[in-house]
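To keep things clear, I will list the structure first and then write my remarks on it.
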Amino acid sequence: MQNNRTSQNKTFALTKIMKSKAFSAFTSALLAIILGLLIGFLVMVIAGPEKAVLGFRTVLTGGFKKLGNVFYYATPIMMTGLAVGFAFKMGLFNIGASGQYTMGMFFALYAGFMWKLPVGIHWIVCVLAGMVGGMLWGLIPGIFKALLNVNEVITSIMFNYIGMYLVDMLIQQNATMYVATTTRTAYLPVSSQLPSLGVRNSNVNISIFIAIAIAIILFIILHMTTFGYELKATGYNKHASKYAGMNGTRNIILTMAMAGGLAGLGGAFYILAPATIPGSSMTYEPINIIAANGFNGIAVALLGNSSPIGIIFSSIFISHIQRGGTLTSLYGYKPEIIDIVIAIIIYFSAFSMLMKTAVGSYLKRSYSRRHTETERKEEADIPNPSELKDEVDIPSAVDAPPDTKKDTVRATKTEEKDAVNVTEDIKLETLQEENTAVNNLKAGEEEV
Amino acid sequence: MENYIIEMLHITKEFPGILANDDITLRLRKGEIHALLGENGAGKSTLMSVLFGLYQAEKGEIRKSGKPVKINNPNDANGLGIGMVHQHFKLVDIFTVLENIILGVEPKKMGFIDKKEAREKVINLSRQYGLKVNPDELIEKISVGMQQRVEILKMLYRENEILIFDEPTAVLTPQEIDELMDIMRGFAKEGKSILFITHKLNEIMAVADRCTVLRKGKCIGTVDIKDTTKEELSKMMVGRDVSFKVDKKEAEMKEVILKVQNVTVPSHSHKNNAVKNVTFEVHAGEIVGIAGIDGNGQTEFINALTGLDKMSNGYITLCDKDITKATIRGRSKSGMSHIPEDRHKHGLVLDYSLEENMVLQRYWQSEFENKGFIRKMKVRSYAEDLITRFDIRSSQGPVTIARSMSGGNQQKVIVAREIDKEHKLLIAVQPTRGLDVGAIENIHRQLVATRDAGKAVLLVSLELDEVMNVSDRILVMYEGEIVGELDPKKITVQELGLYMSGAKRDVVKENGNAK
Numbered sequence: 013m014q015n016n017r018t019s020q021n022k023t024f025a026l027t028k029i030m031k032s033k034a035f036s037a038f039t040s041a042l043l044a045i046i047l048g049l050l051i052g053f054l055v056m057v058i059a060g061p062e063k064a065v066l067g068f069r070t071v072l073t074g075g076f077k078k079l080g081n082v083f084y085y086a087t088p089i090m091m092t093g094l095a096v097g098f099a100f101k102m103g104l105f106n107i108g109a110s111g112q113y114t115m116g117m118f119f120a121l122y123a124g125f126m127w128k129l130p131v132g133i134h135w136i137v138c139v140l141a142g143m144v145g146g147m148l149w150g151l152i153p154g155i156f157k158a159l160l161n162v163n164e165v166i167t168s169i170m171f172n173y174i175g176m177y178l179v180d181m182l183i184q185q186n187a188t189m190y191v192a193t194t195t196r197t198a199y200l201p202v203s204s205q206l207p208s209l210g211v212r213n214s215n216v217n218i219s220i221f222i223a224i225a226i227a228i229i230l231f232i233i234l235h236m237t238t239f240g241y242e243l244k245a246t247g248y249n250k251h252a253s254k255y256a257g258m259n260g261t262r263n264i265i266l267t268m269a270m271a272g273g274l275a276g277l278g279g280a281f282y283i284l285a286p287a288t289i290p291g292s293s294m295t296y297e298p299i300n301i302i303a304a305n306g307f308n309g310i311a312v313a314l315l316g317n318s319s320p321i322g323i324i325f326s327s328i329f330i331s332h333i334q335r336g337g338t339l340t341s342l343y344g345y346k347p348e349i350i351d352i353v354i355a356i357i358i359y360f361s362a363f364s365m366l367m368k369t370a371v372g373s374y375l376k377r378s379y380s381r382r383h384t385e386t387e388r389k390e391e392a393d394i395p396n397p398s399e400l401k402d403e404v405d406i407p408s409a410v411d412a413p414p415d416t417k418k419d420t421v422r423a424t425k426t427e428e429k430d431a432v433n434v435t436e437d438i439k440l441e442t443l444q445e446e447n448t449a450v451n452n453l454k455a456g457e458e459e460v
Numbered sequence: 117m118e119n120y121i122i123e124m125l126h127i128t129k130e131f132p133g134i135l136a137n138d139d140i141t142l143r144l145r146k147g148e149i150h151a152l153l154g155e156n157g158a159g160k161s162t163l164m165s166v167l168f169g170l171y172q173a174e175k176g177e178i179r180k181s182g183k184p185v186k187i188n189n190p191n192d193a194n195g196l197g198i199g200m201v202h203q204h205f206k207l208v209d210i211f212t213v214l215e216n217i218i219l220g221v222e223p224k225k226m227g228f229i230d231k232k233e234a235r236e237k238v239i240n241l242s243r244q245y246g247l248k249v250n251p252d253e254l255i256e257k258i259s260v261g262m263q264q265r266v267e268i269l270k271m272l273y274r275e276n277e278i279l280i281f282d283e284p285t286a287v288l289t290p291q292e293i294d295e296l297m298d299i300m301r302g303f304a305k306e307g308k309s310i311l312f313i314t315h316k317l318n319e320i321m322a323v324a325d326r327c328t329v330l331r332k333g334k335c336i337g338t339v340d341i342k343d344t345t346k347e348e349l350s351k352m353m354v355g356r357d358v359s360f361k362v363d364k365k366e367a368e369m370k371e372v373i374l375k376v377q378n379v380t381v382p383s384h385s386h387k388n389n390a391v392k393n394v395t396f397e398v399h400a401g402e403i404v405g406i407a408g409i410d411g412n413g414q415t416e417f418i419n420a421l422t423g424l425d426k427m428s429n430g431y432i433t434l435c436d437k438d439i440t441k442a443t444i445r446g447r448s449k450s451g452m453s454h455i456p457e458d459r460h461k462h463g464l465v466l467d468y469s470l471e472e473n474m475v476l477q478r479y480w481q482s483e484f485e486n487k488g489f490i491r492k493m494k495v496r497s498y499a500e501d502l503i504t505r506f507d508i509r510s511s512q513g514p515v516t517i518a519r520s521m522s523g524g525n526q527q528k529v530i531v532a533r534e535i536d537k538e539h540k541l542l543i544a545v546q547p548t549r550g551l552d553v554g555a556i557e558n559i560h561r562q563l564v565a566t567r568d569a570g571k572a573v574l575l576v577s578l579e580l581d582e583v584m585n586v587s588d589r590i591l592v593m594y595e596g597e598i599v600g601e602l603d604p605k606k607i608t609v610q611e612l613g614l615y616m617s618g619a620k621r622d623v624v625k626e627n628g629n630a631k
């Protein structure tokens, strides 16, 4: 009997871990990555069968040879990832990370070239200027959303273009910044460059630590402050947050501005980096292309389940395979192939939500099966099983009000659920299917 | 061997941790009206969802006319002639009646929808069964009762033989209920078989031939209506004798707490005002009940009163303080507590834990907040305190995710939070919706205790019994107006019903002229 108890306790500890949100987010991200890698490998086999294995190994391990640059390139996507993930916690889909990033980059460049400041202060001012630039570009869609309920997806996408063309125009007009012969920006003054970490052949600098620190601060904001409490409450259920008297208008503006600031920092961290040749720095080529780092932020946020801590790891991972991918040209692979492989992995990161539901329900089903078995075995020990049953209402989807259904289904996509809910969701999805026509139309109406 | 059109034999449906249906057998004769009775959570909806193909049962089989059939989705069910009117209608608001009826089975001519033929069929059906509808009206423009007729026509158009009605009377006026009963009897006479889900005993006694009672997922038995009584049925349903009376002393009215003057609220769905010129007072130490059929402006009024929505005219004062333009937070600070109508939409953040939900109205108070940080230890101990005091049951205590809790316990969380918060006025909207008898008794007791503690209570409910038993004074709302102020001790349910359906109205006090 004694032994029996302890073994049961152990299973409980294990299921506690399995039930935790972080665990299921992690396993689903891992599954997404594995699937992405598998299909990526298939693409490489088709593109060049004889060297596919070697090439693929380089994708996986090549990053270790360029660890410094892995961290350097992880920094901006970590910031844009945080920009997307943080806003998403409030239920806002910030597609404008690219524009905010570009704006931040421009503000940082401007402060770097145009302001003469003492060494040791200059780069800090440049970083802060970048943050302000991004904030501005996040703030405007935020204000429209909060005050006029204009869809932030549309306004922030459009702001990507406005920001990019504006920045390209302003840079080309500015003789101090722009070198017409190279069609790129000039090297930044050394005082405005971020302190390097001194890793050979890499641009890695202090900003990776700043970015990680920011992610940790965001984690603390989200989980320990009243602002984080309001933000998540609004993201989960905006009706309840209104009912609780939370100031939605202020929170939306604040969140979008903060998200913009994060992306802006990403732009600053990218451009203010010292390059490998002493004295040189990263440069920007204004050729009317929307910054990919902004969109990669969406993938990073998805893969990291919008959690600041998850985003630290997902950004480093994506940077890692990107670095590894650039090395496959050694085996004759065109750089585009590797972009495709990376794109597939990122593409599958979007499936991580789906995987999460699948993995979660699988684990729970197998757990509850095992659990009922042990329960049956120990039936004599349990005082009155029917009493236990009484505590739980039978979920009756048909009885539930329609709004609940919508909410629950929406929540499926964002959240881990307990055993009862999994079934509830499955049921609701069935109902949903039947209801799709109605709901789609209603949803469409709301959007308009 | 009797002639059964549908047999559901030994149906067992399990959700992790719960047996929703445990070895349930239900036999439906051809041409009968068969009621399915049970409390919320007894498994009625699950059983019907199995029959309609929304879920698959783990054990048991379904037979149609003696032959085993497999129903994997609602389309299969339709193919077998099974149709269902859901409690919440499944209609496309911006389509016409006709378009909704033919949705999914559109008659086609060379790839185009042939509405002419469909229209004729619909008009014939509606004439044949006395289901008056205008095929070209938009769904969003017609009344709830009319929408239900559209749902019924949908089943008839598909030539369904077996008709399932899921709590069809919840949204209807007494007159509409009578009409529906006649229609159902007509169907039965034609040889159609009807399954009628409800928890209202009067309706079963009025219309059903037989009744199967479910309790906690188990089948308690099937009885012939002519051999049984209401009392017997309710005992089968609940498992014990039920007292529908609420224990309470005489109210001791004190000072005025809430004063509502000429409040008018525009409607979101039509051009008229949803609430028209409503004026009343609520005193400390009394429970004022607002009765009315769903959709007569109660929701809009409460939204305006609590600040969720704007009103176009009128004043509200709370303890002599004008709160007409106050924010939701401001109203809450002035002493307003609100148990909302929809606990999932407004009352809870379902993905938050129990303790996080406990402080939803108070997280910003210095008791729980320090320099912008939430004092988690304080929240935890506060939640633990409320959990013991209000007997809230959950699997993991304060850290249980609200979504995983049962409806009754979710509601207890809200009630505990709103009652424990410092308040002078408690607004309780449909506080017992979807709860079982035990939970209902508990919440009624809390409401009375709040009143006895010298607070004002405003109760809004669609349940006549609740309004009659709990309130000290009843206001009846009809089409956005208060049409009567009644004393629950002096009037009968029938009389109240007349006010609710607009058949009777009192002198409107303010202008002193009868309408």
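Order-wise, the sequence lines are chains A and B. Going by the working numbering, the first residue of the first sequence is number 13, and it counts up by one from there. Going by the working numbering, the first residue of the second sequence is number 117, and it counts up by one from there. A virtual CB, placed ideally from N, CA and C, is assigned to each residue, including glycine.
- Under the 10 Å beta carbon count, G570 (chain B) is surrounded by fewer than 16 other beta carbons and is classified as exposed.
- Under a criterion of Cβ atoms nearer than 7 Å, the residues of chain A adjacent to T443 (chain B) are, in order, G257.
- Considering only B:E579, B:K537, B:N419, the residue with the shortest C-alpha distance to N473 (chain B) is B:K537.
- With fewer than three CB-CB distances shorter than 8 Å, the region 224-232 of chain B does not count as touching the region 270-288 of chain B.
- Contact annotation for Y241 (chain A) against chain B: E472, Y479, I490 [CB-CB distance below 8 Å, chain order].
- Closest in alpha carbon position to D603 (chain B), among B:S587, B:D568, B:S385, is B:S587.
- At a cut-off of 7 Å, the C-beta of N263 (chain A) has no neighbouring C-beta in chain B.
- M102 (chain A) is outside the set of residues whose beta carbon lies under 7 Å from a beta carbon in chain B.
- When the Cα atoms are used, V202 (chain A) and S292 (chain A) turn out to be separated by approximately 8 Å.
- Distance between I183 (chain A) and Y84 (chain A), taken at the CA atoms: about 24 Å.
- Boundaries for C335 (chain B): no alpha helix (DSSP H) harbours it, while the beta strand (DSSP E) harbouring it runs 334-340, taken from the DSSP string.
- Checking the DSSP bridge columns, you'll see K183 (chain B) partnered with B:K180.
- Beyond the five residues adjoining it in sequence on each side, K244 (chain A) comes within less than 8 Å, by CB distance, of K101, M102, L234 in the same chain, given in chain order.
- No Cβ-Cβ contact shorter than 7 Å links Q205 (chain A) with P130 (chain A).
- Beyond the five residues adjoining it in sequence on each side, S385 (chain B) comes within less than 8 Å, by CB distance, of E256 in the same chain, given in chain order.
- In the three-state reduction of the DSSP assignment, L284 (chain A) falls in the coil class.
- Just measuring C-alpha positions, the residue of B:N119, B:H560, B:M321 sitting nearest V362 (chain B) is B:H560.
- One thing to note: T238 (chain A) has its Cβ within 7 Å of the Cβ of Y479 (chain B).
- Taking all protein chains shown into account, T73 (chain A) has fewer than 16 neighbouring C-beta atoms within 10 Å of its C-beta and is therefore exposed.
- Sequence-ordered contacts of the region 448-471 of chain B with chain A read S448, H454, P456, D458, H460, K461, H462, G463, L464, V465, L466, D467, Y468 [C-beta pairs closer than 8 Å].
- Contacts with chain A (Cβ-Cβ distance below 8 Å) from the region 483-513 of chain B involve E485, G488, F489, I490, K492, R509, S511, listed in chain order.
- Counting the other Cβ atoms within 10 Å of the Cβ of F281 (chain B) gives 16 or more, which makes it buried.
- For M236 (chain A), the uninterrupted alpha helix (DSSP H) run begins and ends at 219-236, by DSSP.
- For L424 (chain B), the chain A residues whose C-beta falls within less than 8 Å of its own C-beta are K254, Y255, listed in chain order.
- The beta-bridge partner set that DSSP reports for R143 (chain B) consists of B:E123.
- Beta-carbon to beta-carbon, A252 (chain A) and L502 (chain B) are separated by about 18 Å, too far to satisfy the 8 Å threshold.
- Remark: C-beta atoms of V165 (chain A) and F98 (chain A) do not approach each other more closely than 7 Å.
- Taking a C-beta cut-off of 7 Å against chain B, the contacting residues of the region 219-247 of chain A are M236, T237, T238, F239, Y241, A245, listed in chain order.
- Counted as a single uninterrupted DSSP element, the alpha helix (DSSP H) harbouring H332 (chain A) occupies residues 320-339.
- A Cβ-Cβ separation of about 6 Å places H399 (chain B) in contact with A572 (chain B) under the 8 Å criterion.
- Close partners of N249 (chain A) in chain B (Cβ separation under 9 Å): H460, K461, H462, L464, V465, L466, D467, Y468.
- Spanning the alpha carbons of E295 (chain B) and A407 (chain B) requires a straight line of approximately 22 Å.
- For F360 (chain A), the three-state secondary structure derived from DSSP is helix.
- In this structure T314 (chain B) is not in contact with L163 (chain B), their Cβ atoms being roughly 14 Å apart against a cut-off of 8 Å.
- Two segments are said to touch when three or more pairs of C-beta atoms, one from each, lie closer than 8 Å; by this definition the region 167-183 of chain B does not touch the region 243-251 of chain B.
- For E457 (chain B), same chain residues with a beta-carbon under 8 Å away, outside a window of 5 residues either side, are T415, I418, V545, Q546, R549, V576 in chain order.
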